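Chemist: Sharing a structure with you now.
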Amino acid sequence: MGFYADQIFPRVMDWIMRAPRFRELRKQVLAPARGHVLEIGFGTGLNLPHYPKSVTWLTAVDPANFPNALVEKQTTAGSIPVKLVRLSAETLPFESGQFDWVVSTWTLCTIPDPVAALREVRRVLKPGGQFIFLEHGRSDDPKIATWQNRLNPVQRVIACGCNLNRSIDTLIKQAGLTITQLERFQMEGVPRVAGSMYRGIATPHRPIIAEPLSSGRYRPIAPGAGTV
């Protein structure tokens, strides 16, 4: 991806996202998680210290090759067993109904096809499983939203594909997930164009059945799978 994307940007974001305001939000959002958890967009592993003891195993996916030193610092210090898979969330190599919880924190802004990724989230959740999300996205304030649209092309370049203006709740619903909890708020200490937060929990209201492919990944086979 280039020196900037592989070495400079990950270190800058790791430093920014370690701020106390982010740590407290992570702790709050991850508190309900338990059992076998899938985290999409693992990054450098900053969520790891904040998972409760009720989480027994963490499977994490991320396509980026972040510097090993940043990732190992988190995975070796944590008490939860972690399996890290280097791939994007749009096509997950896991069986349907495998995970108790799926977690996404500040990730859906960057995934090229977020609806495809969310449909995969829906597929791999167990019956009764839940999806925890904490994301930034499109503001409810029309003036801020206008500036988000204007600045988005620049943001995508300097932040390695991050989008300012995605309506996170709409994307989740388009993927066939039902939002059971949603909080919208402006995060203090963050520029308003980047600080419109979506925090909540969603559940699959209709399962997706999939068959394995020769590549080890899965393809939906249920009628109407992946549609609302």
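Take 80 as the starting number for the sequence shown in the numbering used here and just add one per residue. C-beta atoms are modelled at their ideal positions from N, C-alpha and C, and glycine is treated no differently. It should be emphasised that the depicted structure is a prediction, and the values quoted were computed from it without experimental measurement.
How is M96 classed by DSSP in three states: helix, strand or coil?
Modeler: The sequence position of residue 96 within the sequence shown is 17, counting from 1. In the structure shown, M96 sits in coil (DSSP, three-state: anything other than H, G, I, E or B).
Chemist: Alpha carbons only, please: which of A273, H115, P99 and M96 is nearest the one belonging to T225?
Modeler: In the sequence shown, counting from the first residue as 1, residue 225 sits at position 146. The residue with the shortest Cα to Cα distance from T225 is A273.
Chemist: Would you grab the beta carbon distance between R278 and D219 for me? Rounded to a whole angstrom, and I think it's under 8 Å.
Modeler: To locate residue 278, count along the sequence shown from 1; it is residue 199. To locate residue 219, count along the sequence shown from 1; it is residue 140. 14 Å between Cβ atoms; not a contact.
Chemist: Just to check my reading of the structure: A139 and A168 have Cβ atoms closer than 8 Å, yes? What is that Cβ distance to the nearest angstrom?
Modeler: Taking the first residue of the sequence shown as 1, we reach residue 139 at position 60. Taking the first residue of the sequence shown as 1, we reach residue 168 at position 89. Contact flag wrong, Cβ pair sits at about 10 Å.
Chemist: Is the distance from the Cβ of M266 to the Cβ of R90 below 8 Å?
Modeler: Taking the first residue of the sequence shown as position 1, residue 266 is located at position 187. Taking the first residue of the sequence shown as position 1, residue 90 is located at position 11. Result no, Cβ atoms of M266 and R90 do not sit closer than 8 Å.
Chemist: Quick one: is P193 buried, meaning 16 or more other Cβ sit within 10 Å of its Cβ, or exposed?
Modeler: Residue 193 sits at position 114 when you count from the first residue of the sequence shown. Per the 10 Å Cβ criterion, buried.
Chemist: How many angstroms separate the CA atom of R165 from the CA atom of Q177?
Modeler: Mapped onto the sequence shown, residue 165 falls at position 86. Mapped onto the sequence shown, residue 177 falls at position 98. Their Cα atoms are separated by approximately 18 Å.
Chemist: Let me confirm a value: T123 is counted as buried when at least 16 other C-beta atoms fall within 10 Å, else exposed. Which label applies?
Modeler: The residue you call residue 123 lines up with position 44 of the sequence shown. Classification of T123: buried, given that the 10 Å Cβ count is 16 or more.
Chemist: Let me check understanding here. Comparing Cα to Cα, which of H115, A84 and F145 lies closest to V203?
Modeler: Position 124 of the sequence shown, counted from the start, is the residue given in the question as residue 203. If we check each option's Cα against that of V203, H115 comes out closest.
Chemist: Which ranges would you report for the beta strand (DSSP E) in the stretch 94-154 if only whole runs of at least 3 residues count?
Modeler: Listed in chain order, the complete beta strand (DSSP E) runs (minimum 3 residues) inside the stretch 94-154 are 114-119 and 134-140.
Chemist: Tell me which same chain residues have a C-beta within less than 8 Å of the C-beta of L256, skipping the five on either side of it?
Modeler: In the sequence shown, counting from the first residue as 1, residue 256 sits at position 177. Taken in chain order, the residues that qualify are L197, V200, R201, F210, A281, T282, P283 and H284.
Chemist: Using a Cβ-Cβ cutoff of less than 8 Å, which residues in the same chain neighbour N231 once the five nearest sequence positions on both sides are dropped?
Modeler: On the sequence shown, residue 231 is found 152 positions in, with the first residue counted as 1. Within the same chain, N231 has close Cβ partners N242, L243 and N244.
Chemist: In the DSSP output, what is R263 paired with across the bridge?
Modeler: As a first step, residue 263 is located in the sequence shown; it is residue number 184 there, counting from the start. In the DSSP output, where bridge partners are listed per residue, R263 has Y277.
Chemist: Helix, strand or coil: which one does DSSP assign to P302?
Modeler: For the purposes of this step, residue 302 is identified with residue 223 of the sequence shown, where counting begins at 1. The pLDDT assigned to P302 is 36, lower than 50, so where the model puts this residue is not dependable; a value taken from the coordinates is nonetheless given after this. It is coil, neither helix nor strand.
Chemist: Which of helix, strand or coil does DSSP assign to L197?
Modeler: Taking the sequence shown and counting its residues from 1, the one referred to as residue 197 is at position 118. Reduced to three states, the DSSP call for L197 is helix.
Chemist: Could you name the residues of the same chain whose beta carbon sits closer than 6 Å to that of L117, not counting the 5 residues immediately before and after it, in chain order?
Modeler: Residue mapping note: residue 117 aligns to position 38 of the sequence shown, counting from 1. Same-chain partners within the cutoff: T138, F178 and V181.
Chemist: For G157, which residues of its own chain have a beta-carbon under 6 Å away from its beta-carbon, when the five flanking residues on both sides are left out?
Modeler: One-based indexing of the sequence shown puts residue 157 at position 78. Around G157: L127.
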